[in-house]
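Each remark here refers to the structure printed beneath this line.
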Amino acid sequence: MPSASAIGALPDRHDTKLGIRENWQQFSLLVLVNAFVGGMVGLERTVVPLIGTQEFGIGSEVVVFSFIIAFGVVKALVNFASGWLADRFTRRAVLIAGWIVGLPVPFMLGYGPTWSWIVGANVLLGISQGLAWSMTVNMKIDLAGPRNRGLAMGLNEAAGYGAVGLTALATGYVAAHYGLRPEPFYIGIGYAVLGLVLSMFLVRDTRMHASLEASLHHAHAVVPRPSTREVFAKTSWRDRTLFSVSQAGLVNNLNDGMSWGVFPLLFVANGVSLEGVGIIKAVYPVIWGAGQVITGPLADRIGRKPLVVWGMITQALGHVVIGLGLASPFTTGLAGSALLGIGTAMVYPALLAAVGDSAHPSWRATSVGVYRFWRDLGYAVGALMSGAIAGLLGLVWTVHVAGLLTLLSGLVAWRLMNETLDR
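In the working numbering, each residue carries its 1-based index in the sequence shown increased by 81.
Now the structure itself:
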């Protein structure tokens, strides 16, 4: 029978230490768990838009992208709720709940008889991701402490988005050889089962680490915990740095939501094969994921703001390459997706680390939840914007508009954001 610590009991305060090295076993386990969390999203990146158009015969871009809109809205709301839950219950309990909700998703995607089943699967996926991914973020922030926060976020997001890209590549290959359904979704069953088992029996809660950090940094001061409403307002607009972070996160995932729905349809329409689309769709998140192993610790050395500003500008350049290069769609698709991946790798760990820097440990999980609310609302905004613009002007114009918004977002961060790294 497993010991109490093995099944997730809180560690004794005297045994609690901060740092990645000091907590390498739990930290490594959470990296693996987040790879499975990311793989669940990767199931959809190549195949699901084509299921809408080719299997269900949907002609409206807005309707096809409805599964992304549902995912983004639900995930954004659950991100916010997960932070509130984590500050009041245990991170581990919320993580386990996320995996339980995600169990039906690959079955619904693989065997759902109508498009409403696909949308319903994405509602569950949004809940699952909002709970599970949020907790892997918060638990790594707790374990790492302030010294290696950028590295911690880089490793977390590298695992998650690396798995997104590799799974997108795998599903594109399987779909090209066996069909759009159900075979590409079999891998998701393995992800869900393994993620749940590891979370239930090996992951331990990290609230004690957050409590230790709070006591170390505020030993001589009583810091009252603000209300959830106050944290929401501070993270969303009252604090100029947190506002800059939140808007950049929203626009960053607007790009991801746009590419999720638009790229398969755009490149297939321009003669790229299904396997080619899978490669293009994989390049973006794989570089995004792997790059954060470098950009995460870089954010701990040069600061958060330079990576945020230049990362957004690099993403905007990626849109230019894709939008103006459809005469050679596969080549420019690869190049543009690589730039999107590089830019996103620069931005992602720096944004999360900036929130971790700015929020007190007693309400940090709630603040991270608010930031992730705005960030993942970008999926829905990007999909809705893409559907509307594609219906009026064509798919390529969605790429142009997303690029302009990304450039403007980078300029806002340059003007308003303060550096949060304590040197």
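Even for Gly, the Cβ is constructed at its ideal location relative to N, Cα and C.
{"Item": "Three-state secondary structure assigned by DSSP to Phe282", "Value": "helix"}
{"Item": "Contacting residues, own chain, Cβ-Cβ under 8 Å from Val482 (five flanking each side not counted)", "Value": "Met466, Ile470"}
{"Item": "Proximity of Gly119 and Gly241 at Cβ, strictly below 7 Å", "Value": "yes"}
{"Item": "Ile177 - containing alpha helix (DSSP H), residue span", "Value": "172-183"}
{"Item": "Extent of the continuous alpha helix (DSSP H) to which Ser439 belongs", "Value": "410-439"}
{"Item": "Sub-7 Å separation of Val128 and Ala256 beta-carbons", "Value": "yes"}
{"Item": "Rounded C-alpha distance that separates Glu125 from Ile383", "Value": "35 Å"}
{"Item": "Closest residue to Asp438 among Asn499, Val364, Pro130 (Cα-Cα distance)", "Value": "Asn499"}
{"Item": "Lys98 to Asn219 span [Cα, whole Å]", "Value": "16 Å"}
{"Item": "Same chain only: Cβ atoms within 6 Å of Arg321, ignoring 5 sequence neighbours per side", "Value": "Leu497"}
{"Item": "Supposed close pair Ala464, Gly153 - CB separation, criterion 8 Å", "Value": "6 Å"}
{"Item": "Nearest to Arg228 (by Cα), restricted to the options Ile139, Glu103, Glu142", "Value": "Glu103"}
{"Item": "Phe454 versus Asn115 - alpha carbon distance", "Value": "18 Å"}
{"Item": "Contact check, Asn334 vs Gly246, beta carbons under 7 Å", "Value": "no"}
{"Item": "Buried/exposed call for Leu476, threshold 16 Cβ in 10 Å", "Value": "buried"}
{"Item": "Met216 and Val175 closer than 7 Å at C-beta", "Value": "yes"}
{"Item": "Reduced DSSP category for Glu264 - H, G, I as helix; E, B as strand; rest coil", "Value": "helix"}
{"Item": "Inter-residue Cα distance where the pair is Ile132 and Gly260", "Value": "10 Å"}
{"Item": "When Trp105, Val402, Gly392 are compared against Val424, the one with the closest alpha-carbon", "Value": "The identity of residue 424 in the sequence shown is Gly, whereas the question assumes Val. Closest by alpha carbon: Gly392."}
{"Item": "For His290 and Leu488, the rounded distance between their alpha carbons", "Value": "38 Å"}
{"Item": "Residues of its chain near Ala300, where Cβ-Cβ distance is below 8 Å and the 5 sequence neighbours each way are ignored", "Value": "The pLDDT assigned to Ala300 is 48, lower than 50, so where the model puts this residue is not dependable; a value taken from the coordinates is nonetheless given after this. Nothing meets the Cβ criterion."}
{"Item": "Exposed unless 16 or more other CB atoms sit within 10 angstroms - verdict on Thr195", "Value": "exposed"}
{"Item": "Beta-carbon gap between Gly404 and Glu142 smaller than 7 Å", "Value": "no"}
{"Item": "Straight-line gap, Thr248 to Val312 (C-alpha atoms, nearest Å)", "Value": "36 Å"}
{"Item": "Cβ-based neighbour list, Gln210, same chain, cut-off 6 Å, excluding 5 preceding and 5 following", "Value": "Lys156"}
{"Item": "Closest residue to Phe59 among Leu166, Pro366, Ile181, Ala233 (Cα-Cα distance)", "Value": "It is not possible to answer for residue 59, since the shown part of the chain is limited to 82 through 504."}
{"Item": "Residue from Val145, Arg306, Ser292 with nearest C-alpha to Asp96", "Value": "Ser292"}
{"Item": "Among Ala431, Ser490, Val480, Leu486, the one whose alpha carbon lies nearest that of Ile222", "Value": "Ala431"}
{"Item": "C-beta atoms of Val367 and Gly253 nearer than 7 Å", "Value": "no"}
{"Item": "Residue nearest to Ala239 in terms of C-alpha spacing, selected from Ser163, Gly370, Thr309", "Value": "Gly370"}
{"Item": "Three-way DSSP call (helix, strand, coil) for Asp503 in this model", "Value": "coil"}
{"Item": "Cβ-based burial, Asp286 [other Cβ within 10 Å; buried from 16]", "Value": "buried"}
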